[in-house]
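Numbering (mature numbering (1 follows the signal peptide of the UniProt record, and there is no 0)), first residue to last: -25 to -1, 1 to 513.
Take a look at the structure:
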């Protein structure tokens, strides 16, 4: 009897420990080793220097699963310091890994550094790229797809295959030449052409009758694009982490930094090839590039009659933007409906109006936000904040609305409290399309409109029910765009123009999301391998 009781006791303890082990088991680890170096390619038919990732241009596509721990060992073989930013990845509680100069010291030339991050509670189509200087104009970018866990079904049929599509504008000039143009205060040149996956002649093999998921990113640095597939209708199912209502589109505008997932069923019957088409929006002349969808068994080339691009008119694009809606019945990265977060009922604690402008400072072209043209200090803001180093930045150094007076150089930091629910209005007073990206957070794109925004009239047109969450929003010429954001990710986060020449010349700021509690539940501690520079260097 006593032996039986002991046996049951030990079996019970064993079962309990087994359950504890299952509960506390770590999420899977993914290990990546990258060499960043120069190489040669001819994207537009002219040999030029490009930046390779593991010998590839563009770099390898990264496919990981929600909650995976991702370890990226980077060897910098360039002749300059560099950083990699993970465009759209929230970096929950880990702004240390954000990969921008406000949070990280750059990786010195000819050295290694390791990123350690978790793809926490995210799914969707994202990308990565070099965030320093004008490196992005030379390559060093690639696709980053965060897949749903097997126990979390996606709200659309499983595709036959997924295809990552990176559309970019491109210049024949070297990235250092482009940087010298900006440093001299001269206008940034128009692109010389457009690329799909680093080429003007990419071929994708497809099977007639099968459905494919095209993960499309505008990885360019200055130009909005329109994307379409000859003879096919595309169904939008996801944009930057949000499952969407599956609207059908003949073509879709993607602004700089934006990504979307599109379901397309390849025409069956007598197989033939088709062109995938990307063309610039709001530019004169319009630049167009194509890739080929080569159907299995096809002997018929794609027709040279390309699907017509939309007109220059802004209203068409703005109207299309309003048709992109959140799928309120779909799950998110966790097994709960993504629309269960009723953002439209949450009180706004603060309204911030950010106005972009072109200006002259010391006789050279600069770009400003609320009359401050950002200049990177030698000490990253995150390190200065952590080590309490004075005179690097001041919280609240940028006003909540555009002030009068001339623009000036400065280090703009917007101070907010953890869990603030904030309305941000981007006011565009210029003739070009702007594109804004917020690191570490996503936001609801609740409104687009022409003219100047005001508190009483414009809010009446907000979508407070099923607006998708994104990390990048476009602002049309002489227009405004409004977002709502729950700042629940503590850290120092970059809010920047995705139009890279403008960002390089000052169109950015940082949002400090803060509370006084020091806890790993709100923010991880400084990583042991953190690079120290500026005033933080011993």
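Glycine included, C-beta positions come from ideal geometry on N, C-alpha and C.
Residues of its chain near residue i, where Cβ-Cβ distance is below 7 Å and the 5 sequence neighbours each way are ignored
i: residue 415; result: 65, 66, 70, 73, 464, 466, 468
i: residue 34; result: 28, 115, 116, 117
i: residue 493; result: none
i: residue 154; result: 108, 109
i: residue 86; result: 51
i: residue 488; result: 391, 393, 462, 464, 465, 466, 468
Heavy atom of the ligand MG within 7 Å of residue i beta-carbon
i: residue 252; result: Although the ligand MG was asked about, the structure shown includes no ligands whatsoever.
Selected residue, minimal CA-CA separation from residue i, among the options
i: residue 119; options: 293, 432, 45; result: 45
i: residue 235; options: 443, 318, 451, 504; result: 443
i: residue 475; options: 254, 502, 197, 399; result: 197
i: residue 193; options: 501, 300, 449; result: 449
i: residue 428; options: 285, 377, 244; result: 377
i: residue 600; options: 78, 3, 380, 323; result: Outside the displayed range of the chain (-25 to 513) lies residue 600, so it cannot be described from this structure.
i: residue 364; options: 68, 391, 136, 510; result: 510
i: residue 229; options: 252, 92, 30, 13; result: 252
i: residue 18; options: 53, 201, 445, 113; result: 113
i: residue 456; options: 13, 327, 84; result: 327
i: residue 417; options: 225, 383, 435, 447; result: 447
i: residue 391; options: 402, 369, 129, 495; result: 369
i: residue 37; options: 256, 82, 14, 141; result: 141
i: residue 32; options: 53, 130, 174, 270; result: 174
i: residue 189; options: 99, 254, 60, 309; result: 99
i: residue 321; options: 501, 395, 127; result: 395
i: residue 106; options: 342, 404, 186, 478; result: 478
i: residue 292; options: 425, 308, 270, 39; result: 425
i: residue 309; options: 94, 63, 179, 58; result: 94
i: residue 186; options: 212, 200, 166, 385; result: 212
i: residue 243; options: 338, 30, 91, 182; result: 182
i: residue 128; options: 41, 358, 68, 152; result: 41
i: residue 371; options: 361, 379, 385, 358; result: 385
Other residues of its chain near residue i: CB distance less than 6 Å, five sequence neighbours each side excluded
i: residue 249; result: 205, 206, 268, 277
i: residue 503; result: none
i: residue 513; result: none
i: residue 143; result: 170, 194, 195
i: residue 48; result: 8, 89
i: residue 381; result: none
i: residue 351; result: 76
i: residue 439; result: 319
i: residue 506; result: 80
i: residue 54; result: 84
Residue i (DSSP reduced to helix, strand or coil)
i: residue 27; result: strand
i: residue 222; result: coil
i: residue 466; result: strand
i: residue -10; result: A caution first: residue -10 carries a pLDDT of 36, below 50, which makes its placement in the model unreliable, though a value can still be read off. Reduced to three states, the DSSP call for residue -10 is helix.
i: residue 168; result: strand
i: residue 591; result: Missing from the structure shown is residue 591; the chain here goes from -25 to 513 and no further.
i: residue 489; result: strand
i: residue 152; result: helix
i: residue -15; result: Legend: pLDDT at residue -15 = 36, less than 50; position of this residue unreliable, value from coordinates given subsequently. Helix at residue -15.
i: residue 511; result: helix
i: residue 289; result: helix
i: residue 259; result: coil
i: residue 16; result: strand
i: residue 96; result: coil
i: residue 157; result: helix
i: residue 295; result: helix
i: residue 475; result: helix
i: residue 111; result: helix
i: residue 447; result: strand
i: residue 457; result: strand
i: residue 193; result: strand
i: residue -25; result: With a pLDDT of 37 at residue -25, under the threshold of 50, the modelled position of this residue cannot be trusted; read the value that follows with caution. DSSP places residue -25 in coil when its eight states are reduced to three.
Rounded Cβ spacing between residue i and residue j (contact assumed at less than 8 Å)
i: residue 459; j: residue 421; result: 6 Å
i: residue 241; j: residue 184; result: 6 Å
i: residue 410; j: residue 168; result: The pair is not a contact, with the Cβ atoms about 20 Å apart (cut-off 8 Å).
i: residue 237; j: residue 218; result: That pair is no contact at about 13 Å.
i: residue 16; j: residue 25; result: 5 Å
i: residue 349; j: residue 481; result: 5 Å
i: residue 247; j: residue 203; result: Not confirmed; about 17 Å, so no contact.
i: residue 261; j: residue 284; result: 7 Å
i: residue 214; j: residue 445; result: 6 Å
i: residue 177; j: residue 266; result: 4 Å
i: residue 485; j: residue 387; result: 7 Å
Cβ-based neighbour list, residue i, same chain, cut-off 8 Å, excluding 5 preceding and 5 following
i: residue 314; result: 301, 302, 303, 304, 305, 441
i: residue 404; result: 330, 331, 332, 453
Ignoring anything shorter than 4 residues, give me the alpha helix (DSSP H) runs that lie fully in the region 299 to 339, in order along the chain.
none
Along the chain, which unbroken stretches of the beta strand (DSSP E) at least 3 residues long are found entirely within the region 385 to 436?
-> Complete beta strand (DSSP E) runs here, min 3: 388 to 392, 395 to 403, 409 to 413, 418 to 425.
Query raised in the report: If you scan the region 27 to 92 from start to end, which runs of the beta strand (DSSP E) of 3 or more residues do you find wholly inside it?
Result: Annotation note: the region 27 to 92 contains the following uninterrupted beta strand (DSSP E) runs of length 3 or greater, listed N- to C-terminal: 37 to 40, 44 to 51, 59 to 62.
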